[in-house]
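Data block below; observations after.
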Ligand code: F0G
């Protein structure tokens, strides 16, 4: 008898998990792939949708808030959803190298999936403004990491030109396959909730993800799988809020380095999403972001990165506008482990160090 069978018999377990094949195989009929597409996957997707009661209670009015914890993807961010598609299509098209500009997560994801697909990757990042975990990932996965004396917007311009000039595939969210892969998060939400939420709250940087979610919601709606469409509520950091202010920000700044972007490439798509969904774009300052970040960790045991907490900070800011009894999903785009420096610096817990290794001293430090 196999070990698995024994466990099942002895503990009365009837069924084990159904194997999740990764989002391309799971949502194949909704994606531009054929039987000839080589699927480059790390079994991304199927991330948890978690109720966050402390946030619901802060709002009251019978509102139910959930987080879509996309920081639990294989490289720790939602980028893996788009990257499995972009890299699979690049492989299908016989491409040998990919390139991207990144505030960190795209580069981590591109580096991982490129390697899995047997390709080379080049990543351009703003020197000094990428969280340590993300930089470590790109290096460990073996990308050529090129740090520039400029910001994300400068880097994006350069990689767009380079990909036109050389045989390298661009895997930023201007690559349409990225959006196709990322739309599956909206499918998963509806598959879990049985219906679209009333509001979707999402942080915006280059505005690819809000574009992708809206596409996913519209596709399920069109086929009658969901009966309603959510209002798309996009949030930016107040120091980098080009979509809220409707102007290019030359020197964007925020503690949420993932969304430190002043000239989003998907600007027109984002404006269309806002109009079509009767949504709203709002900014939150760094303090509001860090408060929400700590709230999630301390009240819910959920560790996301600062940019992701903008969705919760934004929702709380719009508290008075939230309809009674509504269902709301906030997207947590990246894992808190990505940015250990911010975590340690912005933490209110006290670290008691230099303690002698004896019970008396430790008990005293514990308050006994
Ligand atoms: N949240 C996180 C954690 C991100 O890394 C990003 C974007 C966003 C939100 C915003 O998503 O650009 O689709 O609106 N990060 C990109 C990167 C720019 O290079 O990793 P968006």
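Numbering (my numbering), first residue to last: 1342 to 1709.
Backbone N, C-alpha and C fix where the C-beta goes; we use that ideal spot for every residue, glycine too.
Is there at least one non-hydrogen atom of the ligand F0G closer than 6 Å to the beta-carbon of residue i?
{"i": "residue 1536", "result": "no"}
{"i": "residue 1573", "result": "no"}
{"i": "residue 1609", "result": "no"}
{"i": "residue 1599", "result": "yes"}
{"i": "residue 1544", "result": "yes"}
{"i": "residue 1646", "result": "yes"}
{"i": "residue 1652", "result": "no"}
{"i": "residue 1453", "result": "no"}
{"i": "residue 1547", "result": "yes"}
{"i": "residue 1516", "result": "no"}
{"i": "residue 1724", "result": "The chain is shown from 1342 up to 1709; residue 1724 falls before or after that span and cannot be answered."}
{"i": "residue 1550", "result": "yes"}
{"i": "residue 1443", "result": "yes"}
Could you please give the first and the last residue of the uninterrupted alpha helix (DSSP H) stretch that includes residue i?
{"i": "residue 1384", "result": "No alpha helix (DSSP H) contains residue 1384, which DSSP labels as neither H nor E."}
{"i": "residue 1433", "result": "1420 to 1433"}
{"i": "residue 1643", "result": "Premise fails: residue 1643 is in no alpha helix (DSSP H) and is neither H nor E."}
{"i": "residue 1608", "result": "1608 to 1618"}
{"i": "residue 1502", "result": "1493 to 1506"}
{"i": "residue 1481", "result": "1473 to 1481"}
{"i": "residue 1702", "result": "1700 to 1707"}
Return the first residue and the last residue of the beta strand (DSSP E) that residue i is part of.
{"i": "residue 1537", "result": "No beta strand (DSSP E) contains residue 1537, which DSSP labels as neither H nor E."}
{"i": "residue 1391", "result": "1390 to 1392"}
{"i": "residue 1464", "result": "1461 to 1467"}
{"i": "residue 1405", "result": "1405 to 1410"}
{"i": "residue 1600", "result": "Counting along the chain, residue 1600 falls outside any beta strand (DSSP E), and DSSP gives it neither H nor E."}
{"i": "residue 1545", "result": "Looking at the DSSP string, residue 1545 is not in any beta strand (DSSP E), and its letter there is neither H nor E."}
{"i": "residue 1301", "result": "Only positions 1342 to 1709 of the chain appear in this structure, which leaves residue 1301 out of reach."}
Under a Cβ-count criterion, where at least 16 other Cβ atoms within 10 Å of its own Cβ denotes burial, should residue i be classed as buried or exposed?
{"i": "residue 1706", "result": "exposed"}
{"i": "residue 1348", "result": "The predicted model places residue 1348 with a pLDDT of 46, which falls under 50 and marks its position as unreliable, so this point remains unresolved."}
{"i": "residue 1459", "result": "exposed"}
{"i": "residue 1448", "result": "buried"}
{"i": "residue 1657", "result": "buried"}
{"i": "residue 1286", "result": "In the structure displayed, the chain extends from 1342 to 1709; residue 1286 sits before or after that span and is not available."}
{"i": "residue 1463", "result": "buried"}
{"i": "residue 1360", "result": "exposed"}
{"i": "residue 1398", "result": "exposed"}
{"i": "residue 1529", "result": "buried"}
{"i": "residue 1606", "result": "buried"}
{"i": "residue 1373", "result": "exposed"}
{"i": "residue 1693", "result": "exposed"}
{"i": "residue 1708", "result": "exposed"}
Say whether the stretch 1368 to 1380 touches the stretch 1519 to 1535, bearing in mind that this needs 3 or more beta-carbon pairs closer than 8 Å, one atom from each stretch. yes
Evaluate contact between the stretch 1607 to 1616 and the stretch 1552 to 1563, counting only Cβ atoms and requiring at least three cross-stretch pairs below 8 Å. yes
Taking three-plus beta-carbon pairs below 8 Å as touching, is the stretch 1382 to 1391 in contact with the stretch 1419 to 1427? yes
Between the stretch 1538 to 1545 and the stretch 1501 to 1511, are three or more C-beta pairs nearer than 8 Å? no
Is there contact here, the stretch 1637 to 1649 with the stretch 1668 to 1680, by at least three beta-carbon pairs under 8 Å? yes
Decide if the stretch 1480 to 1492 is in contact with the stretch 1682 to 1689; the criterion is three or more beta carbon pairs, one per stretch, under 8 Å apart. no
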